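Presented below is the structure to which this report refers.
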């Protein structure tokens, strides 16, 4: 790659031996003051200090992903990501010497299994695998990695695999770096493949979930069309169903040996850290890892230029749409600065070509476009969904027309300057979050870019001209050089049903723990004392005038403001509010058109939104603080002076009706609607949802008046930004044009349904995987003194990957990719407690899943060791979790809704310290055991065992009209 900066910009800091023996790179002008170390074995370490909270975001990135899978065992990188949570010879087992021979047998049997075609022979081999796996599970200790992370107070334990990378995530307390590094080094150096066949079932379920997500199929089809000779297009991250049925532990082990080596890894950190101490710790544990001097280089055959559109079609149950892509250079060879500017010109969510010409003008139901960067090849994408009666081909032509404007220069050059300002705003927001900061390092490492080039990107972008964009678009976005995927509604005949194998639930060994875990638990760290929010001092309140109360919190980090007007009314009071807000976003005033409003807001790097909840609605303005007064004038000018347009309203109504029809095709939206039906009931849905007929009857003036009338009502203002209290007071006095006399609003909270007896509610959705929701509400009123016991129960039973629920439903039985159960606390004073459990699983696993939930919920397994892990996890997290920024104001509002004034975490921290397993048992007996339930299932009813479901309670089948309300 051509270096974009001179060597003088990169400073190599050679610290004196008295300070540190480690060399590192820094870059002049880097707002994060990044240090980049390279250990002798090739391990890269990126660090940035951010002391806002006493925690550190950690990512361990490996430069390997789905593109590196062997062609005969696709999905292997993703397999291995899952298996990295299974432990090592030091943890995850009570006796590795005794366990290893059994694991070796399982590995050998899987090699025979994958080569066997006769189904009866395969079944017999799998039975042997299952039997030996059960014996091995008597020695193993499932989820001990997750217990280790809980013991050190980690949050966000997770990992992900993409085409180019596999990344492991932890958010740790700043005093646990040594323990974290010790655990991770052992994990990366010596992973043991155990619990393989139940984890494989989890991967099947993840694959099943993906097969009902048509957008994923569209992306995969587009990649296949654009990259016919590259693994981006020839294989997928999750792998084929055929390969998933024939896994190879041997290949997995070889994969680890090849790629999980220090010269192919980076540790990326941001938070409250001392770089000199942290690099010494990382060297201590990772420094002797052996590099692979013969790392395979992915041989990439250059793709041939596309001379005519490549057309593909995919089918699925979800709504029809179309997506197109053009092939671009990869980020490892080109920073694609112009591509990102062109992306913002085309579609920035406010004032881009697609935003104004297609979405604002209501020419399509929705449209989008933009740049997607990857190391080997990048892609420029546009896509859209059709209005009622509109063909996908018509949507395609409209999208191509907007891309043509990039080639012809039919756009305002001022859009480039505005885009730069908005990129700067976005970068400021990124720097607020340790996760975003550390992820910037991950992306740079995976692409192999110089950090100096990343730091200089905004400067380079500021020099881009309109002609640069035109030249780039003509070079890369040719009128015929694209691939297109038409996503059509219909049955996907490529989906195979994977039958559920007979699995003997493995032993969970909850009360066993390795010496390694004991050592971590007993390690001494410098304690960090908890800091709870003091609402008297961490924020302030004042009245601008009668009826306008302000909650104020100063932003000391940057120049970004957020200003929210909050009104005590929502769609429970007025179901037309959401439509009114949507309508207003398409309108202009006598002084400014809708397009001018959008462009001016984008020019000043500000944005606004209007949204209605069930009992509150919020008008939110945010952006660069210096432009807040102007943004307020624009937004309030629209609210007070919107000019009606009947054609726009009629279009909006038709589009909303089409969106509603599309929602009924989505599994996720059907499940969300079913949950609302179960919790609040049909009457609530009817009361808060406009029918299509009611929607059609609404007129322009009454909708505009609904929004305008809000400024005649008493309301609260939330401000988070760099202004002083007096400056905020003055800005509101000068620019907030509320009525002189404000009338009060009465807030109404939704009432949940009581569960008086068991019942089963079925909703039809044609898929191989069902979504199951178990709900119970006995009407118990809120009492803050319940918090400690309920928090501890949830952590022990259903809170994380080391919880009873996760261990039983996923690890022991292989029933699901995700499963959870918890006792939900009220969110307002008159609300009630409820119990919820959820699982997504194959239709033929339904009975096993329901029975397993019933067993563990009502006969809760008791484990002193698991209890101690749960207790330590809560206390360690509370010592280092901090409520900051606008979250101080939001948490204050949440407490006020419950009639509270003090941080609830203080009581939890104080009480949990003296609690025992008997307290968890008492909570389970009082709150959980033998509750009545409503069992909600979204699935293919003809494939469900109705005779079994009748044993749970009377069955009712609900229609889409009942659960959606239209």
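Numbering (my numbering), first residue to last: 965 to 1930.
Think of the CB as a built atom: it goes at the ideal place given N, C-alpha and C, for glycine as much as any other residue.
Bear in mind that the values here come from a model prediction, so they are computed numbers and not experimental data.
Own chain residues within Cβ distance below 7 Å of residue i, not counting five before or after
{"i": "residue 1648", "result": "1714"}
{"i": "residue 1200", "result": "1030, 1038 and 1184"}
{"i": "residue 1480", "result": "1054 and 1055"}
{"i": "residue 1511", "result": "1678 and 1706"}
{"i": "residue 1881", "result": "1826, 1828 and 1831"}
{"i": "residue 1172", "result": "1732, 1733 and 1806"}
CA-to-CA distance, residue j to residue i, given in whole angstroms
{"i": "residue 1632", "j": "residue 1372", "result": "41 Å"}
{"i": "residue 1755", "j": "residue 1718", "result": "23 Å"}
{"i": "residue 986", "j": "residue 1121", "result": "29 Å"}
{"i": "residue 1403", "j": "residue 1663", "result": "48 Å"}
{"i": "residue 1924", "j": "residue 1104", "result": "46 Å"}
{"i": "residue 1267", "j": "residue 1340", "result": "11 Å"}
{"i": "residue 1683", "j": "residue 1864", "result": "21 Å"}
{"i": "residue 1335", "j": "residue 1757", "result": "45 Å"}
{"i": "residue 1131", "j": "residue 1405", "result": "12 Å"}
{"i": "residue 1346", "j": "residue 1186", "result": "11 Å"}
{"i": "residue 968", "j": "residue 1595", "result": "Caution is warranted here: a pLDDT of 35 is assigned to residue 968, below 50, making its placement in the model unreliable, and the coordinate value is therefore given only provisionally. Distance between the alpha carbons of residue 968 and residue 1595 is about 37 Å."}
{"i": "residue 1040", "j": "residue 994", "result": "37 Å"}
{"i": "residue 1674", "j": "residue 1552", "result": "18 Å"}
Bounding residues of the beta strand (DSSP E) (the contiguous stretch that carries residue i)
{"i": "residue 1517", "result": "1512–1518"}
{"i": "residue 1216", "result": "It is not in any beta strand (DSSP E) - residue 1216 instead sits in the alpha helix (DSSP H) that spans 1213–1223."}
{"i": "residue 1341", "result": "1341–1349"}
{"i": "residue 1276", "result": "1274–1280"}
Within 8 Å, strictly: CB atoms of residue i and residue j
{"i": "residue 1569", "j": "residue 1587", "result": "yes"}
{"i": "residue 1805", "j": "residue 1776", "result": "no"}
{"i": "residue 1145", "j": "residue 1485", "result": "no"}
{"i": "residue 1723", "j": "residue 1799", "result": "no"}
{"i": "residue 1807", "j": "residue 1734", "result": "yes"}
{"i": "residue 1687", "j": "residue 1589", "result": "yes"}
{"i": "residue 1189", "j": "residue 1447", "result": "yes"}
{"i": "residue 1900", "j": "residue 1642", "result": "yes"}
{"i": "residue 1282", "j": "residue 1630", "result": "yes"}
{"i": "residue 1208", "j": "residue 1168", "result": "yes"}
{"i": "residue 1280", "j": "residue 1307", "result": "no"}
{"i": "residue 1657", "j": "residue 1605", "result": "no"}
{"i": "residue 1011", "j": "residue 1239", "result": "yes"}
{"i": "residue 1445", "j": "residue 1290", "result": "yes"}
{"i": "residue 1401", "j": "residue 996", "result": "yes"}
{"i": "residue 1889", "j": "residue 1752", "result": "no"}
{"i": "residue 1110", "j": "residue 1765", "result": "yes"}
Endpoints, alpha helix (DSSP H) assigned at residue i
{"i": "residue 1842", "result": "1828–1844"}
{"i": "residue 1697", "result": "1689–1699"}
{"i": "residue 1042", "result": "1040–1047"}
{"i": "residue 1710", "result": "Careful: residue 1710 lies outside any alpha helix (DSSP H) and carries neither H nor E."}
{"i": "residue 1528", "result": "Note, residue 1528: premise wrong, no alpha helix (DSSP H); beta strand (DSSP E) at 1524–1531."}
{"i": "residue 1130", "result": "Premise fails: residue 1130 lies in the beta strand (DSSP E), 1130–1137, not in any alpha helix (DSSP H)."}
{"i": "residue 1183", "result": "1178–1190"}
Contacting residues, own chain, Cβ-Cβ under 8 Å from residue i (five flanking each side not counted)
{"i": "residue 1213", "result": "1070, 1071, 1074, 1075, 1157 and 1160"}
{"i": "residue 1309", "result": "1316, 1317, 1370, 1375, 1379, 1380, 1383 and 1433"}
{"i": "residue 1322", "result": "1328, 1331, 1348, 1362, 1363 and 1366"}
{"i": "residue 1788", "result": "1797, 1798, 1799 and 1800"}
{"i": "residue 978", "result": "Low confidence applies here, because residue 978 scores a pLDDT of 43, under 50, leaving its location unreliable; read the following figure in that light. Hits under 8 Å: 987."}
{"i": "residue 1036", "result": "1207"}
Top-ranked residue by Cα proximity to residue i, from the options
{"i": "residue 1294", "options": "1284, 1639 and 1338", "result": "1338"}
{"i": "residue 1855", "options": "1499, 1695 and 1837", "result": "1499"}
{"i": "residue 1509", "options": "1843, 1679 and 1086", "result": "1679"}
{"i": "residue 1064", "options": "1040, 1407, 1004 and 1100", "result": "1100"}
{"i": "residue 1693", "options": "1092, 1400, 1397 and 1517", "result": "1517"}
{"i": "residue 1034", "options": "1084, 1421, 1702 and 1260", "result": "1260"}
Residues of its chain near residue i, where Cβ-Cβ distance is below 6 Å and the 5 sequence neighbours each way are ignored
{"i": "residue 1360", "result": "1286"}
{"i": "residue 1170", "result": "1781"}
{"i": "residue 1230", "result": "1008, 1025 and 1409"}
{"i": "residue 1907", "result": "1807"}
{"i": "residue 1645", "result": "1717"}
Proximity test, Cβ basis, 8 Å: residue i and chain C
{"i": "residue 1073", "result": "Looking for chain C here will not work: only one protein chain is present."}
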